[in-house]
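Just add 91 to wherever you are in the sequence shown, counting from 1, and you've got this note's numbering.
Backbone N, C-alpha and C fix where the C-beta goes; we use that ideal spot for every residue, glycine too.
Shown next, in C-alpha cells, is the structure this report addresses.
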Amino acid sequence: MLLFLFIEYVASVTMFTHSHIIDGDVVYHSHFYADSAEAPSHSHSTQQFKVIAQLSLYIALAATISFAVEDPICRLLRTIISSYYATLQRCDLHFSLRAPPVVIEF
Numbered sequence: 092m093l094l095f096l097f098i099e100y101v102a103s104v105t106m107f108t109h110s111h112i113i114d115g116d117v118v119y120h121s122h123f124y125a126d127s128a129e130a131p132s133h134s135h136s137t138q139q140f141k142v143i144a145q146l147s148l149y150i151a152l153a154a155t156i157s158f159a160v161e162d163p164i165c166r167l168l169r170t171i172i173s174s175y176y177a178t179l180q181r182c183d184l185h186f187s188l189r190a191p192p193v194v195i196e197f
C-alpha cells in the first residue's frame, strides 16, 4: 500500500503540477485532473487546498520514515545473517598427522 501511494505521489508531482493565484499569491500543487476544452482550468476551495497539503505532507513523510527505518533494520538483519552463516561455516574438526596418545597400563 505504501509503495502504491509513493508511486502515485511521484506520478502526480511529475505529471500534474499546476498553479493557482489566490489573494495575489501563486500556489503550486499537483493532483490528477482532466484539462478539457469545456473546462480548461479549475479552482479549489480553502478546504480542498488544506486536504491536498495534508495528503502531500503525509505521503512525503511516510516515504521518508520508511527509508529511515529500513536502513537500520536491514543492517541488523545483515549482521544477524552473516554471523549465522559464519557460525555454520566454522570448522571445528582438527586434522593432524600425529596419532592420539596411548596409555599403557600394567
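- Secondary structure of VAL117 (DSSP, three-state): strand.
- VAL101 and THR178 have their C-alpha atoms spaced approximately 44 Å apart.
- In the structure shown, the three-state DSSP call for ILE112 is strand.
- Where ILE98 is concerned, the enclosing alpha helix (DSSP H) starts and stops at 93-106.
- PHE123 sits in coil when the DSSP states are folded into three classes, being neither helix nor strand.
- Going by C-alpha positions, ALA151 is about 13 Å away from SER121.
- Across the set PRO163, LEU168, HIS109, the C-alpha of HIS109 shows the shortest separation from the C-alpha of ILE143.
- Of all alpha-carbon atoms in TYR119, LEU93, ILE113, the one lying nearest the alpha-carbon of THR105 is that of TYR119.
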